[in-house]
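Structure, as structure tokens:
In the working numbering, the protein residues as written are 633 to 843.
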């Protein structure tokens, strides 16, 4: 990941700006923190229906231990997780989520996550309430030109990286194998692509050649 906005969308950082782990910097931040790390016990949740998330939880627990922070892991069924995040006092400190911009636009990805009017859903367990974030989200949604939207979302990206309500671990990279006999212009040619996630997989848009 290069930031809060995936590469290719309005406001995204350059693809060369990939984030990297820096434990020394993390220790510096903790040393300057007003809360004693020795007194912390971070709850890391993972969704029971997605077993892969347990590995991520264990990895994150190991990372926290490397900087002297205690943590515990909790397995939550999706329904229970969605119920718990509806109240801040029940929300785990760390939640693992895969989110996607259904239309390829940062508004559909970030407004429901971070605008102060939308807390307490599975998509917004951060309970963020930041006036600057609200301002940039509304500017990006209402801006009249692509350039103005680019500017608004660039500012939003920078602000989210500054206050860090979320760890932006990775952007999805999907690879699909297909026979040479199959032609799918909506997947292979940007001129025929759709802005809706998955729309390019419609069979009516594909061609299958004879041997």
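Quick reminder that beta carbons are idealized off the backbone N, C-alpha and C, glycines included. In this text, all values refer to a predicted model and were calculated from it rather than measured experimentally.
Beta-bridge partners of residue 675 (DSSP): 704. The stretch 742-753 makes contact with the stretch 716-724, as at least three CB pairs between them are under 8 Å. Residue 747: not part of any alpha helix (DSSP H); DSSP gives it neither H nor E. Put simply, the backbone Cα of residue 749 is about 13 Å away from that of residue 757. Per DSSP, the continuous alpha helix (DSSP H) segment holding residue 770 begins and ends at 763-774. If you ignore the 5 residues before and after residue 655, its C-beta comes within less than 7 Å of the C-beta of 698 and 699, all in its own chain and listed in chain order. By alpha-carbon distance to residue 771, the top candidate from 813, 664, 787 and 649 is 787.
Only residues of its own chain outside the window of five on either side were considered, and among them 734, 735 and 736 have a CB closer than 8 Å to the CB of residue 828, listed in chain order.
For residue 817, same chain residues with a beta-carbon under 6 Å away, outside a window of 5 residues either side, are 824 in chain order. Secondary structure of residue 758 (DSSP, three-state): coil. Of the candidates 713, 707, 672 and 701, the residue whose Cα lies closest to the Cα of residue 689 is 707. Here residue 726 carries a strand assignment [DSSP, helix/strand/coil].
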